[in-house]
Amino acid sequence: MTKLPLLQVAALRKSFGGVVATDDVHLDVNKGELHAIIGPNGAGKTTLISQLSGALMPDKGSISLDGVDITSAPAYKRARLGITRSFQITSLVMEMSVLDNVALAVQARKGSSFRFIKPARKIAEIRDEAMTYVRKLGLRKRAHEPTSALSHGEHRQMEIAIALASEAELMLLDEPMAGLGPEESRLLTDFLLELKGSRSILLIEHDMDAVFALADRISVLVYGRIIATGTPDEIRANSDVRHAYLGEE
Amino acid sequence: MLKMNKTGWVTLIGMAALAILPPLLLLNGQAFYMDLATRLVILAIAAVSLNLILGFGGLVSFGHAAFIGLGAYAVGIPAYHSMWGGFDLIASSNGLLHLALAVGVSALFALITGAISLRTKGVYFIMITMAFGQMAFFLFQSLEAYNGDDGLTIDLRSELPFLNLDEPMQLYALSYGSLVLVMLLVRMIVNSRFGVVLQGSKGNAERMVTLGYNPYVYRLTAYVISGAICGYAGFLLGNFTTFISPDMMHWTRSGELMFMVILGGVSTMFGPVLGASIFILLEEVLSSFTTYWHLPFGLMLIGVVLFIRGGLMGLFKGKGE
Amino acid sequence: MDYTLLIVQMLNGLQLGLLLFLVASGLTLVFGILDFVNLAHGSIYMVGAFICASLTLWLGNFLLAVVIALPLTGAVGYAIEVLVARRLYDKDHLDHVLGTFGLILVLDTLAHMIWGPAGITVPLPAWLDGQVEIFDGAVIPTFRLLIIAVGLAVAGGLFWLVNYTKLGMLIRAGASNRTMVAALGVDIQTLFALVFALGAMLAGLAGMLIAPITTASIGMGGQIIITAFVVIIIGGIGSMKGAFIAALLVGVIDTMGRSFLDSGFALFMSRDAAETAAPAVSAMMIYILMAAILAFKPQGLFPPKVR
Amino acid sequence: MKKFWGAALGALMVSGALQAGEVKIGFVSTLSTGGAVIGNDIKKAVDLAMEHIGGKMGDLDVNLMYSDDGFKPETGKQVTDKLVKQDGVDFVAGYIWSHVLLASRKSALDNGKFLISTNAGPGPVAGKLCNKNFFTTSWQNDQGPEAMGEVLNQKGVKSLYIIAPNYAAGKGMVAGVKRTFKGEVLGTDMTKWPTQLDFSAELAKAKASGAEGLFVFYPGKAGGAFMKQYQQSGLKSSLPLYTAFTIDALSLPKFQAAGFTDVIGSQFTGHWDPNLDNAQNKRFVADFKAKYGSYPSPYAAQSYDSIFLIKSAVEAVNGNLEDKDGIRAALEAVNYPSVRGKYTLNTNHIPMQPWYLREVVVGDDGVWTTKIVKTIHEGRADNYAKDCKM
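Residue numbers (the working numbering), protein chains in the order written: chain A, 1 to 249; chain B, 1001 to 1321; chain C, 2001 to 2307; chain D, 3001 to 3390.
Here you go:
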């Protein structure tokens, strides 16, 4: 590879008490790549994402984005630098409307929010743009309802809409399909396929069909360690992986 | 073209009543009810300021009375020196100086204590703000020069251009006008881009961080604004009572402010005003019936918490509002 | 430095600290297991003191009165749990603060109506009413030594409870894990009520122990509750160990402040100024301590374990 | 809320017609919190006085209104405002606590009302804040401890330790004893008021100071707590206790119930005692005991006096309450039967009266009470009179 990867993770380590959750992880995500991480439950996938997004601080190792070291940058700074994440367990502002939630993501990149006078909901520039993302995820009809009134599936769609609206270079998607029915999963897979190439995505997912259909590369995480990284075909052929993970399914 | 909902009507009628009734009572020789209304309106300002952080920011400050005290002492101390001499730097009866001091000192106190308190969450935040309030309380208790515990009685009020605060009607007009302005100000802030970030941080701070907002600075800013407004209420209260004591800052006073906000309804515009009104009037009415008025008062408090969702304003909310 | 005075004051501080621990331990139990902020905990302390004081005057025997008053105070706690507290558990902390603030008003006014404003002086048996000379010149009232002994014994009992019983396991598991309690097959409602009653008994015991010193009086609850909260916040909410250490810390610092701050201040200001400044600053000290600790450890000295 | 305003408007109609033939007295005291110990005793005495005057002053009916200050200066001021502005009283009387009086005085005096303190006597109201319409049936705070200082000198006490609460009256008491005491004051502790009730640290310091005597001032329930702890610390022989306004008819029954015999024989100063030999006092004490079953406190005595003082003034102007100058002159003349006997007023309206050394004794009926040991002085001006420019 000649060009620099967008995200570079080297020798990352994190432990809780005596339990090592992330153990010497090396990982990179190239620009425009969809890189999936798979692994059994409790392998430390969410812990890894949390360290990348800044919600958790690693004990050792380094993380850099576009060549800039962000290992110790707080989460909100990383977001400003272009990393966004979706949550495994839906994390939205439930009291606000669907459109408000998405608008907050748009507002975040339109300059300072230390603006006290103009009503936020009357700023067309923000509202219109937010609405395009809402529409894109098929939530147009529910845009003005409080988020708490929406279904689980719709919440997952909102998570994606917000990630898109933030226009982050790197999207960390933590099991976006968790709890979705087969039809909804298929729609979301199609959507991600369409998105592929324009954004870099680090995807954690249990739905193997989706992963193998979407990913450019796959890393397999077992007990906090990455035991293999490669194209879907390589991973499928890897005996370690078959033994440690896939074989057990 | 303006279609008002029930809450809107309640607000309008309530504010109109506050504008009309007290002056009418004063003109009919009922000076005491004017006093009552003035205290009510001033405490309503403090309650509205608390609602900005409590209702819209989710920050339960249990030390807000400290700002009232600071604002009141910002009137009392310069006035005291202008009466009895000493401390030439601030000895003055100039109301604009008092005002600047009240708002400035309160904002500064909010900035310093908020910067520390906002590192904590939940019950810890409730208790650390209480601790800072108690520190202010004990600090003024220890200031012998200003009579410590016994409080400061001043014989003059702030001198303001165009206004004579010794006139109950003018003091009331200023307080009422201030309440209206403060309510509009808080509404403007809450609806602004700043306000939606503040409310988003209340609803889900983790999400806001992911979007690139740092909730800490928004909360701190709101805390400072709220403290400054509450200090302004203290400025008015000092001018109203002309007696300023550390008691104004005691934690039970902070509790009363919280109670007003919650009784009326958090995150509503008129809720804190309604809460303050009910609180003051109830205190007045109940205590005139019995020395043991705290008993029905306490029972009512428990009742409100147990049975009324969203405070009294919740009763006026129609479907889908 | 007067070492005799220093040691006597250390003992006074220890006694105050242990008394605070009795109140704070109940508070932290209720908070840790039920996730319930109980401002009215101090009022239960007052109720305990009054029940014990009335019984002492009636029976003529302080110790017997304590033995009877303890279950009675527990019953009051149980009643409060069933009537009010239980209905507040699933609301947020703000509602707890307000609801129990109302409870303070109710209990204090009821106490005023039942026992009058004067309070009750509690007589002690002669063998407790004297003094003990610990060593040359260091004399301390026998009863204060008893408080220290009872405080340490209760602390020991609580440590056993926390570390070696099923209930203790729940406490150590961290704040309010209702699913886990349910998983253990315990009737949650009864368990919660019992924990609440236990907390009430601890507070009541503290009230009974202080009554012979300061008299049982209305308003005594409001004075201790805030200090008790400071203690559990410093210690880390839900942590028994934290409550113990923080209580001793607060007790000793408060007593030392009252004892030596004025002489300290007198080194750099006039004696008169020192004597007026010292009491206020010593009153402020525990709050300064708390703010300082929270500034560096936002969840107190022994934060509850994160899930 | 609407209902309330309705009631308020209704009240407005009624109060328009001023009740003729009535003298209105607002009485501010502490009826809730622990401070109500004193407040209730005062109320009993005032009720008794009302009975004794048959509810009339001259031809006028007396309309007496009690208000509770809740032991707080701010509340005291609010209820005073209400008495003055809403109830339109002619006299405001009462006030136990110095800080409550200081906060409330302006509300009454600025509206031209007569203000009669029945207990509190902080320095400022006797000095630079004195007022032609301010009177008192008690004393200036410093006077009790000043008298005690003289007693200490006579007893040959060379060094003293002082413990008192940190509020206006506490400071006055400390200043008073320091003014007259000729020995050395080895230390002063000012404790949190009214919340601090545990004095272990202060007592240990007092003992360590090696002083020959301990002076304290703890009115109300704090007095009981202090005495209890003094006894428990076993200091009676090494550090004799001298008090002001700490042991009284309110705390003695509690001490007796608790079998606290150490208190018998302890001495303190006062301007009144239930054993004072005059007709008014005998009637007051006998009827008080008969009606309420306990000895009256000095607070009760002063408050009982206040009703007779007002009565004397109202009768002097033949019920013409508009005659402020006449009322004032009558109040200044002190022409009423006081339970303490005859006394006069200084130029600042503070009584010039005898002060006595008193002692706790077991009464003839077995009830613990007090008696007079000796007269300390026959009446002196207070320390602040010179600052008063009326």
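Just so you know, even glycine gets a beta-carbon here, dropped at the ideal spot from N, CA and C.
One finds Leu2088, Lys2091, Asp2095, Leu2098, Gly2099 and Gly2102 in chain C with Cβ atoms closer than 8 Å to the Cβ of Val1305/B, taken in chain order. The straight-line gap separating the alpha-carbon atoms of Ile3042/D and Val3023/D is approximately 20 Å.
In the structure shown, Leu7/A adopts extended strand secondary structure according to DSSP, grouped into three states. The CB of Lys118/A comes closer than 8 Å to the CB of Ser1192 and Arg1193 in chain B, given here in chain order.
The alpha carbon of Tyr1218/B has as its nearest neighbour, out of Val1196/B, Asn1239/B, Tyr1292/B and Ser1267/B, the alpha carbon of Val1196/B.
One Cα belongs to Asp3287/D, the other to Leu3345/D, and the distance between them is close to 28 Å. Residues of the stretch 2223 to 2255 of chain C with a Cβ closer than 8 Å to any Cβ of chain B, in chain order: Ile2226, Phe2229, Val2230, Ile2233 and Ile2237.
Shown in chain order are the members of the stretch 3067 to 3092 of chain D whose Cβ falls below 7 Å from a Cβ of chain B: Asp3068, Lys3072, Pro3073, Glu3074, Lys3077, Asp3081, Lys3082, Lys3085 and Gln3086. For the pair Leu81/A and Glu175/A, the Cα-to-Cα distance works out to about 23 Å.
Below 8 Å, too few C-beta pairs join the stretch 2245 to 2257 of chain C and the stretch 2081 to 2093 of chain C to call them touching: fewer than three. By the C-beta criterion, the stretch 1041 to 1048 of chain B is judged not to be in contact with the stretch 1074 to 1088 of chain B, since fewer than 3 inter-stretch pairs fall below 8 Å.
Residue range His152 to Ala165 is occupied by the alpha helix (DSSP H) that includes His155/A.
Using a Cβ distance threshold of 8 Å, Val1224/B and Leu1263/B do not count as a contacting pair.
In the DSSP assignment, Val3373/D falls within the beta strand (DSSP E) that extends over Trp3368 to His3377. Within the stretch 85 to 105 of chain A, contact with chain B at the beta-carbon level (separation under 9 Å) is assigned to Arg85, Ser86, Phe87, Ser91, Leu92, Val93, Met94, Glu95, Met96, Asp100, Asn101, Ala103, Leu104 and Ala105. For Thr2028/C, the nearest beta carbon of chain B is not closer than 8 Å to its own beta carbon. Taking a 10 Å sphere around the C-beta of Gln3232/D, we find 16 or more other C-beta atoms and assign the residue as buried. With a contact defined as Cβ atoms closer than 8 Å, Ile70/A and Ile204/A miss out at about 20 Å. By the Cβ test, the stretch 32 to 42 of chain A is in contact with the stretch 189 to 205 of chain A, since at least three Cβ pairs between them sit closer than 8 Å. By the neighbour-count criterion, in which a residue is buried when 16 or more other Cβ atoms sit within 10 angstroms of its Cβ, Ala3290/D is exposed. Taking one beta carbon from each stretch, the stretch 3173 to 3192 of chain D and the stretch 2266 to 2279 of chain C have 3 or more pairs nearer than 8 Å; the two touch. Among the residues of the stretch 1207 to 1220 of chain B, those with a Cβ less than 7 Å away from any Cβ of chain A are Arg1207, Val1209, Thr1210, Leu1211, Gly1212, Tyr1213 and Asn1214, in the order of the chain.
Across the stretch 1141 to 1175 of chain B, CB contacts with chain D closer than 8 Å involve Gln1141, Asn1147, Gly1148, Asp1149, Asp1150, Gly1151, Thr1153 and Asp1155, in sequence order along the chain. Residue contact check for Ser1245/B against chain D: a CB pair falls below 8 Å. Under a 10 Å Cβ-count criterion, Ile1068/B is classified as buried, with 16 or more other Cβ atoms of the shown protein chains found around its own Cβ.
Around the Cβ of Lys3342/D, a 10 Å sphere holds fewer than 16 other Cβ atoms; the residue is exposed. Pairwise C-beta distances place the stretch 1109 to 1123 of chain B out of contact with the stretch 1239 to 1257 of chain B, as fewer than three of them are shorter than 8 Å.
In the three-state DSSP reduction, Glu183/A falls in the helix class (H, G or I).
In this structure, Asp3069/D lies near Thr3030/D, with their beta-carbon atoms less than 8 Å apart. By the criterion of a C-beta distance shorter than 6 Å, Ser148/A is surrounded in its chain by Met94, once the five residues flanking it on both sides are discounted.
DSSP lists Ala2138/C as the beta-bridge partner residues of Phe2135/C. Taking C-beta separations shorter than 8 Å and ignoring five residues to either side along the sequence, the partners of Ser219/A in its chain run Leu27, His35, Ala36, Ile37, Ile38, Ile226, Ala228 and Thr229, following chain order. Apart from sequence neighbours up to five positions away, the residues of its chain that approach Glu145/A with a beta-carbon distance below 8 Å are Ser97 and Val98, ordered along the chain. A Cβ-Cβ contact shorter than 8 Å links Leu92/A with Met158/A. Residue contact with chain D for Pro2125/C: absent (no Cβ-Cβ distance below 8 Å to any residue of chain D).
For Trp3355/D, the enclosing beta strand (DSSP E) covers residues Trp3355 to Val3362.
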